[in-house]
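The listed protein sequences derive, respectively, from chains A and B.
Add 192 to a position in the first sequence, counting from 1, and you land on the number used in the numbering used here.
Once you know that position 29 of the second sequence is 11 in the numbering used here, the rest is easy, because the numbers rise by one and skip nothing.
All C-beta atoms in this analysis are idealised placements derived from N, C-alpha and C, irrespective of residue type, glycine included.
Let me begin by presenting the structure, written as structure tokens, before commenting on it.
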Amino acid sequence: MASTQGQIWVLVDYSLCTGCRLCEIACSLKHEGVIWPAASRITVYEDYPGCPVPHYCVQCPDYPCVSACPTKALKVDQNTGAVLVDTSLCTLCSSCVQACPGRVPKVVKGKQYVLICDLCGGDPACVKECTRAGYNALRVIRKPQGTAIKHYAKPPEVVVMEVCSRVFG
Amino acid sequence: MGMVQTFGMWGRLLDVDLSSGKVAEMKVSPVTYRMFIGGRGLAAHILWRELGRRWREVDPLGPENILTVLTGPLTGYYPGIKLSISGKSPQSGGVVGSVVSSHVAYAIKACGYDGLVIRGASRDPVYIYVRDGDVEVRDASRLWGMRGVDLIKALRNELGRDAPSIYIGPAGENLVRTAAVMARWFHAAGYGGYGAVMGSKKLKAVVVEGSGPLPPVANKDEFVKLRYEVIDRVASRVTFRRWGTTSAIWRVGHDTSSEPVRNWQEEWHNKEEFNHVLIEWRYWAKNPWADWSCPLACMKVSKVGIGGVTYLSDGPDYEMGAYLGTNLGVFEVDKAIALSAMADDLGLCGIQTGNVMGLAVELFERGVLTREDVGYDLRWGDFEGLRRLMEDIAYRRGVGRVLAEGTYRAAVEIARMKGVDPGEVLKYAVQVKGVGIGAHGIRSRKDYPQPIAYAASVQGGDHTSVAGLPANSEESESWSAFLDSAVVCSFTSTDEDMMIRFTNAVTGWALTKEELYGVVGPRILTLQRVMLLLGGPDVRWDPRKHDDNPPRFYEPLPSGPYAGSFVPRDEVRKNLEEYYKQLGWDENGIPTEDTLKKLGLYDLADAVREIRRELGAG
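Quick look at the structure:
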């Protein structure tokens, strides 16, 4: 496992998320130059009122998506720890989606390659937007050590139920 | 105007005919957008073009009516989200531009369309499913009869995921004229009664999933810059962030004496239970809660349990806390929240329904309605009776059959039933032109200061579209007409300079303040005004009689720091005349032919001549 020194991580506090999806807008404006929620690398799920769940790549220490990619289109950015997609190699086979414990990578109509959070090179637009709105549900922290971050890598519907039980008891 | 594209819009609508099941595309030209902006203005334009010649004969609850579901140029770009819902209103007989916070608004743009025009009526229950370029009219027989919460669950199970939707509850299905078009559990396009229009078309829901981008904007750098400026400004509205409109339930009643109490017999209360700080700690499971792209987050999820039943609602927000709380003499917050949750789930507009329920309780108290009429007692603050009454309205049972017609028609019908002059019942009906007044009184002049706020509004009692002087300012109804046409949330809106700059950055227009107040606003208002005065088939408004406040607003306030205040009649008359003049309308508020020419609305000339002839005014 490569060193995580100097790498960042996006921490979410579900109780602070308002479900506004400003993060999706900021992400698509940054990466696609337009407001394109479906092409956002972060997605907010809200199956129940008041239980929004922002969902995005948490950079698993073992990077199962990278190992699963048959065309070697995915690689780890050693500076940030983010998973980078080589857009010329990706065939949209979805192997990475299957391998991901949270089904995070997105296959979107109109994009020729899979979409995965690249941490904006170390300065994530989603976090800046969430901070700007004063919600602070997303924050940048130093990349945590070990496998604990996999707690944040569950499928969104599982997290929705967990958040719901906390909101409504 | 030489433009080939309206930036921020696609220039096309989905045109769905539910009678035939056919789906077509309706183009909207850049010139049309420039003239009518979008949303409410575009709806009025389409309705006039498609139905204008037979406007009076068109039954709002018949297949001929058209339901419009539209976005505007600011939708998706300006922080905060709204969707415009309109059609011929089953309340006013005119066009009410209603709005609802709904993710459908950005989703429809992400499908490559600016909105939907829905005509005809299905024989069997259906819902419309839009996914990018694909449109299906799907069977909804399993969904028919469902209340909001169950419906959202059923749709999620059917689609395998959560998808943006607007929908109706049982009230809309039962053609209740106070039924709303609902979204996301607690959100309602209440004014206008368009839930009943959906019901009349056997349309249970419209579900929209868009995977594409929003249309390009004209000036991206300017747009990005202004967007950050708006987010910064809106995010600093911390009272709203923390307490939303719930903070007004105490303030509007206690401080400004402008809150309906017991069917507007009073407008003041000192019930500290309605203090938002207490409500926050006692009842809110989630705060703050936001709609799409909103940096304000005025929503809150509240949860109460009464008699073993759990009720989830928002807030209550100000209008629900007032109309289903103080207006019904309900001063226990948990019960107001429960009634708010019920209205949401049944698909009722809490304002219109709380208004007609208040009328019913007062009539019962005065002995006009009796136990024989109702089947049970109606008393201020009696939760069980009020709960029953709300259900009876939603299902048109017993006296609910009459009350489901909305305040104005119910008052006229009750007078007929009782063999008394309509005025004897209408004097307790707090409505203007078929639309119950929103929960902002004008007697104290401390909350809504304009005495013609409702009397001159083209949307009757709609508190989100009030008239006022001067006509070239944010006080005028042109401002609301603009916000509802650009389709943006009035709570996240900022000053007129910013709104205009933002609109121009998105669209590439060169809109000015002068044009907004001098041409664009008056154009939309004049069009709505003419259709309102045409009315029909069962209502006809005479401006000399109906451009007026409800009788109750001329009674002095009986309590509170502004006791004795009332609206002076001569001031109403004087302000009306001045307002008409500033908008280019004649002394009866009928647009002149010169005005029609100036605004590019000369195709209304015949209709205007007919209205004038009927008034015997030349």
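Alpha carbons only, please: which of the options is nearest the one belonging to residue i?
| i | options | result |
| --- | --- | --- |
| P348 of chain A | A:G294, A:A317, A:Q290 and A:D254 | A:G294 |
| M(-9) of chain B | B:V5, B:G21, B:A318 and B:E262 | B:G21 |
| K186 of chain B | B:Q413, B:L65, B:M17 and B:L133 | B:L133 |
| M372 of chain B | B:E459, B:L(-4), B:A318 and B:R35 | B:A318 |
| W201 of chain A | A:K346, A:Y327 and A:D310 | A:D310 |
| V470 of chain B | B:W30, B:I63 and B:D364 | B:I63 |
| V502 of chain B | B:L341, B:L583 and B:G290 | B:L583 |
| Q(-13) of chain B | B:E7, B:R16, B:G3 and B:S1 | B:R16 |
| I434 of chain B | B:R551, B:T476, B:T335 and B:P519 | B:R551 |
| Q441 of chain B | B:P12, B:V5, B:A26 and B:F(-11) | B:A26 |
| R244 of chain B | B:P195, B:S541, B:S447 and B:P198 | B:S541 |
| E249 of chain B | B:P298, B:L310 and B:L260 | B:L310 |
| V258 of chain A | A:V306, A:I234, A:W228 and A:C243 | A:V306 |
| M339 of chain B | B:D374, B:A320, B:F313 and B:G357 | B:D374 |
| Q621 of chain B | B:P452, B:G177, B:A122 and B:V206 | What the structure shows of chain B is the stretch from -17 to 600, and residue 621 of chain B is not part of that stretch, so it cannot be assessed. |
| A231 of chain A | A:H223, A:Y237 and A:E238 | A:H223 |
Taking C-beta pairs closer than 8 Å, name the residues in chain E that residue i reaches, listed in chain order.
| i | result |
| --- | --- |
| G194 of chain B | In the structure shown, chain E cannot be found, because the protein chains are A and B. |
Residues of chain A with CB under 8 Å from residue i, in chain order?
| i | result |
| --- | --- |
| V283 of chain B | P241, G242 and V359 |
| W167 of chain B | P241 |
| Y59 of chain B | I227 |
| D114 of chain B | K301 |
| P42 of chain B | By Cβ distance, chain A contributes nothing, its closest Cβ being about 31 Å from P42 of chain B, past 8 Å. |
| P198 of chain B | V226 |
Can you pull the chain B residues whose beta carbon is under 7 Å from the beta carbon of residue i, in chain order?
| i | result |
| --- | --- |
| G326 of chain A | A217 |
| E354 of chain A | Those do not exist, as E354 of chain A stays about 15 Å from chain B at its closest Cβ, beyond 7 Å. |
| I217 of chain A | S275 |
Can you check whether the CB of residue j is closer than 9 Å to the CB of residue i?
| i | j | result |
| --- | --- | --- |
| T227 of chain B | E301 of chain B | yes |
| R449 of chain B | E456 of chain B | Before going on, a small fix: residue 449 of chain B reads as Ala here, not Arg. The answer is no: Cβ separation not under 9 Å. |
| D326 of chain B | A170 of chain B | yes |
| M324 of chain B | R369 of chain B | yes |
| N570 of chain B | G500 of chain B | no |
| C212 of chain A | W274 of chain B | yes |
| D(-3) of chain B | R101 of chain B | yes |
| V488 of chain B | A200 of chain B | yes |
| S240 of chain B | G423 of chain B | yes |
| K4 of chain B | P107 of chain B | no |
| A162 of chain B | C331 of chain B | yes |
| A412 of chain B | H528 of chain B | Inspection of the sequence shows that residue 412 of chain B is occupied by Val rather than by Ala. No, these two residues do not count as a Cβ contact at 9 Å. |
| T577 of chain B | L558 of chain B | no |
List, in chain order, every chain B residue whose beta-carbon is nearer than 8 Å to that of residue i.
| i | result |
| --- | --- |
| C212 of chain A | A272, D273, W274, S275, C276, P277 and A279 |
Based on DSSP bridge pairs, tell me the residues matched to residue i.
| i | result |
| --- | --- |
| G287 of chain B | B:T292 |
| S66 of chain B | B:L52 and B:V81 |
| L98 of chain B | B:L(-4) and B:V51 |
| Y15 of chain B | BP columns for Y15 of chain B are empty, so no partner. |
| S147 of chain B | B:V189 |
| D121 of chain B | B:V108 |
| A6 of chain B | B:D(-3) |
| E248 of chain B | B:V243 |
Which residues mark the beginning and the end of the alpha helix (DSSP H) in which residue i is found?
| i | result |
| --- | --- |
| T508 of chain B | G503 to L516 |
| K563 of chain B | R551 to L565 |
| V216 of chain B | K202 to A217 |
| K222 of chain A | L214 to E224 |
| R334 of chain A | Looking at the DSSP string, R334 of chain A is not in any alpha helix (DSSP H); the run it does join, the beta strand (DSSP E), is L330 to R334. |
| M353 of chain A | P348 to F360 |
| H289 of chain A | Here residue 289 of chain A is Val; the residue named in the question, His, does not match the sequence. Looking at the DSSP string, the run of the alpha helix (DSSP H) that includes V289 of chain A is S287 to A291. |
Quick one: which chain A residues come within Cβ less than 7 Å of residue i?
| i | result |
| --- | --- |
| L294 of chain B | P241 |
| A267 of chain B | G242, V359 and F360 |
| I213 of chain B | R324 and A325 |
| A162 of chain B | In chain order: nothing, as chain A lies at least about 17 Å away. |
| D96 of chain B | What D96 of chain B touches in chain A: nothing, since even the nearest Cβ is about 15 Å away. |
Just to confirm the assignment, what range does the beta strand (DSSP E) spanning residue i have?
| i | result |
| --- | --- |
| P270 of chain B | W266 to W271 |
| E191 of chain B | L185 to E191 |
| M(-9) of chain B | Taken as a continuous stretch (DSSP letters only), M(-9) of chain B belongs to no beta strand (DSSP E), as it is neither H nor E. |
| G239 of chain A | Inspection of the sequence shows that residue 239 of chain A is occupied by Asp rather than by Gly. That residue, D239 of chain A, is in no beta strand (DSSP E); it is neither H nor E in DSSP. |
| K415 of chain B | Segment: none, K415 of chain B is in no beta strand (DSSP E) and carries neither H nor E. |
| I231 of chain B | No beta strand (DSSP E) holds I231 of chain B; the alpha helix (DSSP H) holding it covers S229 to W232. |
What does residue i touch in chain A if you count any residue whose Cβ is under 9 Å from its own?
| i | result |
| --- | --- |
| R138 of chain B | D239 |
| D326 of chain B | Neighbours of D326 of chain B on chain A: none; closest Cβ ~10 Å, over 9 Å. |
| P298 of chain B | Neighbours of P298 of chain B on chain A: none; closest Cβ ~14 Å, over 9 Å. |
The ligand FAD and residue i: does any heavy atom of the ligand fall closer than 8 Å to the residue's C-beta?
| i | result |
| --- | --- |
| R526 of chain B | For the ligand FAD, the structure offers nothing, since it holds no ligand at all. |
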